[in-house]
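This report concerns only the one structure given below.
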Amino acid sequence: MNVQTSKWILVAAVLGGLAVACGAFGAHWLEDLLALINSAPLEADALQERHEWLETGVRYHMYHALALLVIGVLQTVDFRNRRNTAAICFLLGIAFFSLPLYALALTGIRVIGAVVVIGGILFLIGWTWLALSAIDKR
353 MNVQTSKWIL VAAVLGGLAV ACGAFGAHWL EDLLALINSA PLEADALQER
403 HEWLETGVRY HMYHALALLV IGVLQTVDFR NRRNTAAICF LLGIAFFSLP
453 LYALALTGIR VIGAVVVIGG ILFLIGWTWL ALSAIDKR
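Residue numbers for the sequence shown follow the working numbering, so the first one is 353 and each next one is one higher.
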């Protein structure tokens, strides 16, 4: 296994671990941190909404960390440039989809949500490149 192929496995492992940590944070400490930030507990509906944003971010974060792991494993058997492009799109997708959702969950500043669309588009582009890598061996 060379550095080019093993890097995606390393990136996937780190991102998978971070997704688990973010999920644990949301399950155990989000409510307390939000109460501290806001000097009072949030209303139940607002708290539920913040949890949903965080859970969505964690879910897509983990899905795409696992996709990066699969790409890393596939690249060790049969290297394809299009898979690398897909992996880069997934990595950027996590940055532009999950991270803004985490920020939205912590701050409640809704304008941050506009960035999430970019991450979703990057995920779609990544899946398209991954499909193309199965059709064309470049």
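In this text, a Cβ means the ideal position worked out from N, Cα and C, and glycines have one as well.
Residue i versus residue j - alpha carbon distance
i	j	result
Val-468	Ile-477	14 Å
Ser-358	Ala-379	32 Å
Leu-484	Thr-437	10 Å
Leu-474	Val-372	22 Å
Gly-465	Leu-451	10 Å
Ala-447	Gly-471	7 Å
Thr-389	Glu-383	According to the sequence as given, residue 389 is Ile; it is not Thr. Distance between the alpha carbons of Ile-389 and Glu-383 is about 10 Å.
Spatial neighbours of residue i in its chain, beta-carbon cut-off 6 Å, leaving aside the 5 residues before and after
i	result
Ala-419	Phe-442
Arg-402	Ala-457
Outcome for residue i when other beta-carbon atoms lying within 10 angstroms are tallied against a minimum of 16
i	result
Gln-427	buried
Trp-381	exposed
Ala-439	buried
Ser-391	exposed
Nonlocal neighbours in the same chain, by C-beta distance under 8 Å from residue i, ignoring five residues either side
i	result
Ala-387	Pro-393 and Leu-394
Chain-order list of residues whose beta-carbon lies under 7 Å from that of residue i (same chain, five-residue window excluded)
i	result
Lys-489	Arg-432
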